[in-house]
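Residue numbers for the sequence shown follow my numbering, beginning at 1 and rising by one.
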Amino acid sequence: MNKSILCSFLLIVIALSVNAIAPFDGALIALDAGHGGTETGARNETYQVAEKDVNLAVVFALQGKLRTAGAKVVLTREGDETISSRKERVQIAINKCQTFYQRKCDILVSVHHNSSSDPAHDGTLVIYNEKQDVPLAKALHDTLVPLTGQDEGYLNGGYGITVYNHLVSALTEAYYITNDTEAYNYKYGNRVDEEADAQFTGLANYFTNKSSGGGKGGGKPR
Ligand SMILES: [Zn+2]
């Protein structure tokens with residue numbers, strides 16, 4: 001077999017196996033762009049960037065990638081509306097999953113970007129609340145950390161959106177929007193797409209592990 005035939009053959013094998021995994025088949029994912037409206041979240045004054053806009057841009061980019069890959073996606077907000085409480089965000093996600101797909105969302109990811117008084121500070125953090133959230137938090141953490149190269153962990157925050165309704169969820173702070181390099185790259189570079197790719201890969205890993213990790217417990221006594 002010459003080299004180009006071998007290469008073609010390998011590419012077909014890879015394409016088939018990727019297709020066979022299809023991690024997002026049937027997945028129903030709620031994405032929450034943190035803050036909105038009168039609640040701007042963190043701000044970068046140098047580049048006049050509000051966290052609420054960064055969160056929404058990432059959610060839109062991620063939604064596109066997930067839908068292309070076969071996932072069903074609902075968004076808590078699709079514009080600059082103010083949502084009065086975190087509890088309401090979760091309720092909106094649950095209602096949309098129910099209205100559009102007649103079932104509970106599989107997971108909810110709340111997208112945020114962090115804030116520090118030190119404009120040079122950067123790092124990646126993921127927050128979860130319940131034990132059931134750990135695999136999701138870890139999967140997102142592992143693919144988001146390379147964005148900054150500074151690992152601030154995945155932590156049980158005991159606060160935030162993950163508290164309500166036992167919906168499997170995690171809150172991501174992929175980087176600090178108060179960091180001037182980050183704000184510059186958001187505004188003039190391709191930071192939104194880079195993060196959406198990392199979020200996408202983390203979610204793909206989560207659903208792949210979930211379906212192959214024996215979590216279904218086939219045949220086990222109840
Ligand atoms: Zn925030």
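Backbone N, C-alpha and C fix where the C-beta goes; we use that ideal spot for every residue, glycine too.
Distance cut-off 7 Å: residue i Cβ against heavy atoms of ligand 1
i	result
GLY36	no
ALA33	no
GLU51	yes
ALA42	yes
HIS112	yes
Distance CB(residue i)-CB(residue j) smaller than 8 Å
i	j	result
LEU140	THR172	yes
ALA183	ILE177	yes
THR68	LYS52	no
VAL74	VAL111	no
TYR206	PRO135	yes
ALA30	THR76	yes
TYR128	ASN156	yes
Closest by C-alpha distance to residue i, when choosing among the options
i	options	result
GLN63	SER212, ASP193 and LEU167	ASP193
GLY26	GLN199, GLY41, VAL58 and LEU66	LEU66
ASP133	ALA42, PRO23 and LEU203	LEU203
LYS131	ASN95, ALA174, ASN190 and HIS166	HIS166
LEU125	LYS138, SER117, ASP118 and ASN185	LYS138
Span separating the alpha-carbon of residue i from that of residue j
i	j	result
VAL54	ASN44	11 Å
HIS121	GLN102	43 Å
THR143	GLN150	12 Å
ASP32	SER211	24 Å
GLY214	THR208	Here the model assigns GLY214 a pLDDT of 42, short of 50, so the residue's position is not dependable, and the following value carries that caveat. So the two alpha carbons sit approximately 11 Å from each other.
CYS105	ASN185	32 Å
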